[in-house]
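Visitor: Take this structure, written in structure tokens, and hold onto it; I'll ask about it next.
Number of protein chains: 2
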Amino acid sequence: MLHEEVVGRIRAILLDGEIPPGARIPERELCERLQISRTPLREALKVLAAEGLVQLLPHRGSRAAKLTDKDMRDLFEVCQGLEALAGELACERITDAELDEIAAAHADMVRHYREGDLIQYYRGNRAIHEAIVTAAGNPVLAGLYASVTARIRRARYVTPMTPQRWALAVKEHEAILNALQRRDGTGLSHILRAHLRHKREEVLQAGFAETEGNEPTLRIA
Amino acid sequence: MLHEEVVGRIRAILLDGEIPPGARIPERELCERLQISRTPLREALKVLAAEGLVQLLPHRGSRAAKLTDKDMRDLFEVCQGLEALAGELACERITDAELDEIAAAHADMVRHYREGDLIQYYRGNRAIHEAIVTAAGNPVLAGLYASVTARIRRARYVTPMTPQRWALAVKEHEAILNALQRRDGTGLSHILRAHLRHKREEVLQAGFAETEGNEPTLRIA
DNA sequence: ATTCCCAATTTTGCATTCAAAAATGTAAAA
DNA sequence: TTTTACATTTTTGAATGCAAAATTGGGAAT
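So the protein lines, in turn, are chains A and B.
Going by full-length UniProt numbering, the letters in the first sequence line up with residues 1 to 221, in that order.
Going by full-length UniProt numbering, the letters in the second sequence line up with residues 1 to 221, in that order.
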């Protein structure tokens, strides 16, 4: 198994919440499960620690990182900035084919909204946001975005929404698609910021920070 | 020696250009120099590879990463976005004490400009940009900024400037300080973007991309 | 019963070792 | 002289071993 694959497998285990935030990471167990020795496992853990998904405690092993309210706020703030930038760049560079794909994903998402299927709605939602970042054509930006969104994914894509908030989110997505189609970078960036700000408020209000006695148990879509 | 210290030492060696972009990283030599064995060294290299400073080639060891023109453009683009965001947030959160420090650093930098001392000018310049990011009060943002700027540091802070460009840069810094003092987040974010865009143009025009036969040999200030 | 202390055990972090892959050098053939 | 085939050496990637640190468990003292 290649180094990057080991990192990916452990990342997935953490994002799935199989090892919940704050829990110790059982080295020996993971070694057996992935059929590798401690050396490559530990290399992967150091990389994930640099990403912020794992917390290393000298001589006390590693734990799945826990997010405080402040962490969550900071991550959403940066995510807002990155998506706003991606939106602007996407408007300059997006191809018609990419635009069609996003429009299709949008229609799909709206259908799931009408059907009241939150899981599928979130899946389509995420696909749209990621497609915008891809359309920005900047791999550095895409990399940072991936790393930031990984850390808030569980909060972002599992928080339940009131009917009002959900309706607003869909409305905002209409505006997002519209701005993209008009190649209105400035407009899109403003809409994306507002959209993310609303999502952050939802998440923080729902008390999703991963502090003591507040372990999210839901699985991501 | 602690893991983070090993990473830091190697990072410094790479940023100093002691191992120039594209060059193989001599494991055995570094082990002797840092007085550690290959295990912790290799752990550090994987982390630096995830940061983008090192390139890992399966079964062929690791090299100091080389930046193409496209990489440089992408990094500057993201850096622009991060600094613009930092500027906005800093205007909301900066304390009077922080503002005074930046004003002092600015005065210092202008003095070095008047004296024609490019090295010292760049040192002060960098301190200001970093202080703005710190004043944003968002450690996640600060971390991403550090990682992005590390990769372009050599290009950003060693490129020679024409007198015209240098004068413009100083003028932009006057505007930066002014916007900060007026707590004009939107204005500051626009100025920072333009400032970084100009720097990027300089760097790319100077042909600083680290492609074949174009190894920068200058040391950073 | 609770707290404290200390021995036994486990876990961590790193050095070393080992097998596999790549690089190098040499000699023969074209 | 250049190219190719092959044996040798070097380097890489991962498993193992070992010392140091932390955790655990049990008994003595309060």
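Yeah, the Cβ is synthetic: ideal placement off N, Cα and C, and Gly gets one too.
For ARG151 (chain B) and ALA90 (chain B), what's the separation of their Cα atoms in angstroms?
Guide: In a straight line, the C-alpha of ARG151 (chain B) is about 23 Å away from that of ALA90 (chain B).
Visitor: Using the Cα positions of ALA175 (chain B) and LEU144 (chain A), report the straight-line distance between them to the nearest angstrom.
Guide: Spanning the two alpha carbons is a distance of roughly 29 Å.
Visitor: Let me make sure I understand the geometry here. Which of B:ALA65, B:GLY61, B:ARG38 has the alpha-carbon closest to that of ILE13 (chain B)?
Guide: Considering only alpha carbons, the answer is B:ALA65.
Visitor: Pick helix, strand or coil for GLN55 (chain A), following the three-state DSSP scheme.
Guide: Correct three-state label for GLN55 (chain A): strand.
Visitor: Roughly how many whole angstroms lie between the Cα atoms of ALA142 (chain B) and THR134 (chain B)?
Guide: Near 7 Å, if we compare the C-alpha coordinates of THR134 (chain B) and ALA142 (chain B).
Visitor: Nearest to ILE36 (chain A) by alpha carbon, out of A:LEU2, A:GLU202, A:ARG193, A:ILE191?
Guide: Answer by Cα proximity: A:LEU2.
Visitor: Could you spell out where the alpha helix (DSSP H) holding ALA64 (chain B) opens and where it closes?
Guide: Taken as a continuous stretch (DSSP letters only), ALA64 (chain B) belongs to no alpha helix (DSSP H), being part of the beta strand (DSSP E) at 62–64.
Visitor: From which residue to which residue does the alpha helix (DSSP H) around PRO20 (chain A) run?
Guide: Neither: PRO20 (chain A) is in no alpha helix (DSSP H) and is coded neither H nor E.
Visitor: Looking only at C-alpha atoms, which of A:GLY207, A:THR162, A:ARG153 sits nearest to LEU75 (chain A)?
Guide: Residue A:ARG153 is the option with its Cα nearest to LEU75 (chain A).
Visitor: Could you pull out every residue in the same chain whose Cβ sits closer than 8 Å to the Cβ of GLN80 (chain A), ignoring the five residues on either side in sequence?
Guide: Result list for GLN80 (chain A): LEU192, ARG193, LEU196, ARG197, ARG200, in chain order.
Visitor: On a CA-only basis, which of A:ARG38, A:VAL170, A:LEU48, A:MET109 is nearest LEU15 (chain A)? Give me that one, please.
Guide: Of the listed residues, the one whose Cα sits closest to LEU15 (chain A) is A:LEU48.
Visitor: When Cβ atoms are compared, which residues of the region 16–43 of chain A fall closer than 8 Å to chain B?
Guide: For the region 16–43 of chain A, which is checked against every Cβ of chain B, the residues closer than 8 Å are THR39, ARG42, GLU43.
Visitor: If you run the structure through DSSP and keep just helix, strand and coil, what is MET109 (chain B)?
Guide: Helix at MET109 (chain B).
Visitor: Determine the chain B residues that contact ASN138 (chain A) at a beta-carbon separation under 8 Å, and present them in chain order.
Guide: Near ASN138 (chain A) (Cβ distances below 8 Å), the residues of chain B are ASP74, GLU77, VAL78.
Visitor: Starting from the beta carbon of LEU2 (chain A), find every residue of chain B whose beta carbon is closer than 9 Å, and list them in chain order.
Guide: PRO58, listed in chain order.
Visitor: Report the rounded CA-to-CA distance for GLY17 (chain A) versus VAL54 (chain A), giving the unit in angstroms.
Guide: If I take the Cα positions, the gap works out to 12 Å.
Visitor: Taking Cβ positions only, does ARG9 (chain B) come closer than 7 Å to chain A?
Guide: With 7 Å as the cut-off, ARG9 (chain B) does not count as an interface residue toward chain A.
Visitor: In chain A, which residues lie less than 7 Å from LYS46 (chain B) when you measure between Cβ atoms?
Guide: Those within 7 Å of LYS46 (chain B) in chain A are HIS3, GLU43, LYS46, VAL47.
Visitor: Just mark HIS177 (chain B) as buried or exposed, buried being the case when its beta carbon has 16 or more other beta carbons within 10 Å.
Guide: Looking at the sequence shown, residue 177 (chain B) is not His but Leu. Counting Cβ neighbours within 10 Å, LEU177 (chain B) comes out buried, since at least 16 surround it.
Visitor: Would you decide whether ASN214 (chain A) is buried or exposed? Buried here means 16 or more other CB atoms lie within 10 Å of its CB.
Guide: Here the model assigns ASN214 (chain A) a pLDDT of 38, short of 50, so the residue's position is not dependable and the matter cannot be decided.
Visitor: Just to confirm my understanding: we take HIS112 (chain A), look at its own chain, exclude 5 residues before and 5 after, and list those with CB closer than 7 Å. What are they?
Guide: The answer, listed in chain order, is GLN120, TYR121, GLY124.
Visitor: Find out if the Cβ-Cβ distance for the pair PRO21 (chain B), GLU210 (chain B) is shorter than 7 Å.
Guide: Cβ distance < 7 Å, so PRO21 (chain B) and GLU210 (chain B) count as in contact.
Visitor: Can you tell me where the alpha helix (DSSP H) holding PHE76 (chain B) begins and where it ends?
Guide: It spans 69–93 - the alpha helix (DSSP H) in which PHE76 (chain B) sits, taken as one unbroken run.
Visitor: Would you mind stating whether ILE10 (chain B) and ALA44 (chain B) have Cβ atoms separated by less than 7 Å?
Guide: Yes.
Visitor: With H, G and I counted as helix, E and B as strand and the rest as coil, what does DSSP make of ILE128 (chain B)?
Guide: If DSSP states are grouped into helix, strand and coil, ILE128 (chain B) belongs with the helices.
Visitor: Under 7 Å, do ILE128 (chain B) and ALA97 (chain B) count as touching if we go by C-beta distance?
Guide: Cβ atoms of ILE128 (chain B) and ALA97 (chain B): not closer than 7 Å.
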